[in-house]
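Chemist: Sequential numbering of the sequence shown, starting at 713, is according to my numbering.
First the structure, then my questions, so here it is.
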Amino acid sequence: MSEPSAEPTPAAAPPTGDEHLTPEQYDVLRRGATEPPWSGEHVHTKTDGTYRCAACDATLFDAGTKFESGSGWPSFTEPAVADAVDTVEDVSHGMRRIEVVCARCRGHLGHVFPDGPQPTGLRYCINSLSLEFAPNPGGDGLDADAPGGASG
């Protein structure tokens, strides 16, 4: 994990190409909002695949690094590649945290905490609204534990 920068996440006019985002996705990615815990579609996803930025389609996380943290948000031990995300110091809401942003479009993804499992000891706590999931080719893309998934 790189040292966090002091630059805030951009929240001005929508960058060109954000028209495909829902208002909720825009609030998270461009205004730094946080979705309510347990509300996101990717909290319980267990399918093998890749999580991509909902704004710019950059590859961010691999499903193989996802784990159940009990936090209510999808959690990962590390990005898919080291330079997929950047970190920024976040002192909002009277707290001191490390914000995670997409390295390509600077969209707000969530935060990273030093309480994750080994081998990294990190927990990338990410808003589902900032992610799009792409199942690996050859898979059915269905989550066996989700309603309507492979088991029901």
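We put the CB at the ideal spot given by N, CA and C, even for glycine.
None of the values given here were measured: they were computed from a predicted structure.
1) According to DSSP, which residues form a beta bridge with residue 765?
2) Check whether the stretch 828 to 841 touches the stretch 771 to 783, taking contact to mean three or more Cβ pairs, one atom from each stretch, closer than 8 angstroms.
3) Just mark residue 857 as buried or exposed, buried being the case when its beta carbon has 16 or more other beta carbons within 10 Å.
4) Over the uninterrupted beta strand (DSSP E) stretch that includes residue 772, give me the two end residues.
5) Is DSSP giving residue 813 helix, strand or coil here?
6) Ordered along the chain, which non-local residues of its own chain (more than five positions away) have a Cβ less than 8 angstroms from that of residue 815?
7) Please state the DSSP three-state secondary structure of residue 863.
8) How many Å lie between residue 819 and residue 741 at the Cα?
9) Provide the residue span of the beta strand (DSSP E) that contains residue 741, from first to last.
10) In chain order, what residues of the same chain have a beta carbon less than 6 angstroms from the beta carbon of residue 802, not counting five sequence neighbours either side?
11) Closest by CA to residue 760, which one among 834, 734, 776 and 768?
12) Taking residue 801 as part of the beta strand (DSSP E), name the residues at either end of that continuous run.
Modeler: Looking at the atomic coordinates:
1) 843
2) yes
3) Note on residue 857: pLDDT 42, under 50, position unreliable in the model; the coordinate value appears next. Exposed: under 16 other Cβ atoms inside 10 Å.
4) 771 to 774
5) strand
6) 770, 795, 796, 797 and 798
7) In this predicted model, residue 863 has a pLDDT of only 32, less than 50, meaning its place in the structure is not dependable; the value taken from the coordinates is given anyway. The answer is coil: DSSP assigns residue 863 none of H, G, I, E or B.
8) 5 angstroms
9) That residue, residue 741, is in no beta strand (DSSP E); its alpha helix (DSSP H) goes 735 to 743.
10) 809 and 811
11) 776
12) 797 to 802
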